[in-house]
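Q: Going by this note's numbering, the sequence shown opens with residue 35, and the numbers climb by one from there. Ideal Cβ placement from N, Cα and C applies to all residues, glycine included. This structure is in structure tokens; I'll ask about it shortly.
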Amino acid sequence: MESGLGCRFVGGLFGSNSPPAPVWGTSNDLNLLSEALAADLSISSSVAPEGSSEASYALQATISHLQKAGRIPADVEKIKGLSDSQREALGFELKTLDPATSIQHLGKPNFVNQNIAKVLAILRFVARYQELKTGSKRPVIQVGVVTLTVDGFKTHFRAQTFKAADGTITDTVWLYRWCVMDGNGAYEEYWRAFSGHVVEQQANTNVPMADVPAPAPAPAPTPVHQPASATVPKPTRKPRHTAYLKFEHDHLSDDELFASRPELIQGDAIIRLARNYSNTDIFERINAATPRGIKNVCVITKRLTHAIEAAAEASGRSVLEIRQEIVNAKNANGVEHSAVVDTSRYTSSE
35 MESGLGCRFV GGLFGSNSPP APVWGTSNDL NLLSEALAAD LSISSSVAPE GSSEASYALQ
95 ATISHLQKAG RIPADVEKIK GLSDSQREAL GFELKTLDPA TSIQHLGKPN FVNQNIAKVL
155 AILRFVARYQ ELKTGSKRPV IQVGVVTLTV DGFKTHFRAQ TFKAADGTIT DTVWLYRWCV
215 MDGNGAYEEY WRAFSGHVVE QQANTNVPMA DVPAPAPAPA PTPVHQPASA TVPKPTRKPR
275 HTAYLKFEHD HLSDDELFAS RPELIQGDAI IRLARNYSNT DIFERINAAT PRGIKNVCVI
335 TKRLTHAIEA AAEASGRSVL EIRQEIVNAK NANGVEHSAV VDTSRYTSSE
């Protein structure tokens, strides 16, 4: 075991009501994570748009969170509009990007590609921009990474921090990484942001911007003309998943169940979770723990309805009775919910 590494139960990873989860890390890293969660930060359930880099999307969401909190300039995106010569003159050179070998193998498990190196380079750009805009000393931002590793039926969390530059740390931003082992023993890597409730502040427009030149105007986009007869093909419907019918989950903890493939969390599995979590909590926990999220909380509601009806048919009991048992369990477990058993659907004479 690594020197100085310990384990601590950390609450609020997936929201203020989520139960404590065992997280490994150094004392300093675990303290920083606990402080961030105490400040109402939690893993976001937002999924990256199809075709976009998950790491970049997660970092952009984190930067937006810092902008709303007033901790970094609101117009930092101006860096994108600078020419190569302007970037070099102002200290935004890409040569500050870490070689993959200097950081990639520090992750537990190893980082894939150069995702973390790019994240650190972008944070250095943000720090340099803040220095130019405010005239204050350049901040030193570090990135904290909470990694959930899924290896067979084993899961564990690990917290690590990585400095973007030398110096005294002025701020820490957090990202969530989800790693799952494939059939060849290699890990696939997915990313999410941390988000929270912050007081949005107006940008200070009185700060002089003489050191940051205005970006060159972007060329006008070339219109693409579609033939009048062109039709958009209808998307093909994916086949309904039935693997959940054989999904054995009794040996899994709740954290491990949430980290399972989303299509498996139906039937008995979702009834089990419904006794201890609200539909919103189930939705957010699944989306935070898995790379392929669920579109909205209505999917959870529909799955639970189908699961209850199937359970009633299989057991010979009434749907109303099973629904009431779930509501009673929620109440006994202190789950905040708005579930009301609608008897009219099952007692109507029509």
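Alpha carbon to alpha carbon, how far is Ala322 from Val44? Give it in angstroms, no decimals.
A: Using only the alpha carbons, I get a separation of about 16 Å.
Q: For Ala346, which residues of its own chain have a beta-carbon under 7 Å away from its beta-carbon, when the five flanking residues on both sides are left out?
A: Counting only Cβ-Cβ distances below 7 Å, and skipping sequence neighbours, we find Ser352, Val353, Ile356.
Q: For His283, which of helix, strand or coil comes out of DSSP?
A: Coil at His283, not helix or strand.
Q: For the segment 191-198 and the segment 163-170, state whether three or more C-beta atom pairs, one from each stretch, are separated by less than 8 Å.
A: Judged by Cβ distances under 8 Å, the segment 191-198 makes no contact with the segment 163-170, as fewer than three pairs qualify.
Q: Counting only the same chain and skipping the five closest in sequence on each side, list residues whose C-beta sits under 7 Å from that of Val369.
A: Cβ neighbours of Val369 beyond the five flanking positions: Asn310, Tyr311, Ser312.
Q: For Ala55, report the span of its beta strand (DSSP E) as first-last.
A: From DSSP, the beta strand (DSSP E) with Ala55 extends over 55-60.
Q: Please look up how many angstroms separate the CB atoms of Ala95 and Ser78, rounded, as I've assumed it's under 8 Å.
A: Contact holds; Cβ gap of about 6 Å.
Q: Would you identify the three-state DSSP class for Val258, choosing helix, strand or coil?
A: Only weak support exists for where Val258 lies, its pLDDT of 40 falling under 50; the value from the coordinates is given anyway. It is coil, neither helix nor strand.
Q: By how many angstroms is the C-alpha of Arg42 removed from the C-alpha of His285?
A: Rounded to the nearest angstrom, the two C-alpha atoms are 23 Å apart.
Q: Can you tell me the Cα-Cα spacing of Asn362 and Ile305, whole angstroms?
A: Looking at the two C-alpha atoms, the distance is approximately 13 Å.
Q: For the alpha helix (DSSP H) that Phe317 lies in, which residues bound it at each end?
A: Looking at the DSSP string, the run of the alpha helix (DSSP H) that includes Phe317 is 313-323.
Q: Compare the C-alpha of Thr204 against each of Ile175, His340, Arg211, Glu223 and name the closest.
A: Residue Ile175 is the option with its Cα nearest to Thr204.
Q: Check whether the Cβ atoms of Leu67 and Gly178 sit closer than 8 Å, and answer yes or no.
A: Yes, Cβ-Cβ distance for Leu67 and Gly178 is below 8 Å.
Q: Give me the residue from Lys364, Lys112, Asn144, Phe281 with the minimum Cα distance to Val160.
A: Selected option, being the one with the closest Cα: Lys112.
Q: Where does Glu343 land, buried or exposed, given buried means 16+ other C-beta within 10 angstroms?
A: So Glu343 ends up on the exposed side.
Q: Identify, in the order they occur along the chain, each residue of the same chain with its Cβ nearer than 6 Å to the Cβ of Leu157, setting aside the five sequence neighbours on each side.
A: If we look at Leu157 and ignore the five residues flanking it on each side, its Cβ neighbours are Ile175, Ala198.
Q: Distance, Cα to Cα, Ser372 vs Gly301?
A: Spanning the two alpha carbons is a distance of roughly 21 Å.
Q: I'd like the list of long-range same chain contacts for Lys142, defined as Cβ closer than 7 Å, with 5 residues on each side in sequence excluded.
A: Thr181, Arg192, Gln194, listed in sequence order.
Q: Please say whether Phe228 and Trp212 have beta carbons closer to each other than 8 Å?
A: Contact: no.
Q: Distance, Cα to Cα, Ser52 vs Gly46?
A: Rounded to whole angstroms, Ser52 to Gly46 spans 5 Å at the Cα level.
Q: Where DSSP assigns a beta bridge to Phe43, which residues make up the other side?
A: BP columns for Phe43 point to Pro56.
Q: Please report the residue range of the alpha helix (DSSP H) in which Leu307 lies.
A: Looking at the DSSP string, the run of the alpha helix (DSSP H) that includes Leu307 is 301-308.
Q: Opposite Asp205 in the DSSP bridges: which residues?
A: In the DSSP output, where bridge partners are listed per residue, Asp205 has Ile175.
Q: Nearest to Gly59 by CA position, among Leu39, Phe145, Arg162, is which residue?
A: The option with the nearest alpha carbon to Gly59 is Leu39.
Q: Going by Cα to Cα distance, which pick from Gly49, Ser98, Asn62, Ser61 is closest to Ala73?
A: Residue Gly49 is the option with its Cα nearest to Ala73.
Q: Secondary structure at Arg105, three-state DSSP: helix, strand or coil?
A: Correct three-state label for Arg105: coil.
Q: If you reduce the DSSP assignment to three classes, tell me which class Ile328 lands in.
A: Coil at Ile328, not helix or strand.
Q: Can you tell me whether Gln260 is buried or exposed, with buried defined as 16 or more other CB within 10 angstroms of its CB?
A: Bear in mind that the predicted position of Gln260 carries a pLDDT of just 39, short of 50, making it unreliable; the figure below should be weighed with that in mind. Burial call: exposed.
Q: What does the alpha-carbon distance come out to for the pair His340 and Val331?
A: One C-alpha to the other measures close to 15 Å.
Q: Using only CA atoms, which one of Asp315, Ile320, Leu71, Lys152 lies nearest to Arg295?
A: Comparing Cα positions, the closest option is Ile320.
Q: Is it right to say Thr183 is buried, meaning 16 or more other beta carbons lie within 10 angstroms of its own, or is it exposed?
A: Counting Cβ neighbours within 10 Å, Thr183 comes out buried, since at least 16 surround it.
Q: Run through the DSSP bridge pairs and tell me what Lys19 is partnered with.
A: Past the edges of the chain, shown from 35 to 384, lies residue 19, and the structure says nothing about it.
Q: List the DSSP bridge partners of Ser229.
A: Per DSSP, Ser76.
Q: Restricting to Cα atoms, I'd like to know which of Glu318, Gly327, Gly350 is closest to Ser76.
A: Taking only the C-alpha atoms, the option nearest Ser76 is Glu318.
Q: Specify, as a first and last residue, the run of the alpha helix (DSSP H) that Phe292 falls within.
A: Segment 288-292, the alpha helix (DSSP H) holding Phe292.
Q: Quick check on the burial criterion: 16 or more other C-beta atoms within 10 angstroms. Buried or exposed for Ala151?
A: Buried, because 16 or more other Cβ atoms sit within 10 Å of the Cβ of Ala151.
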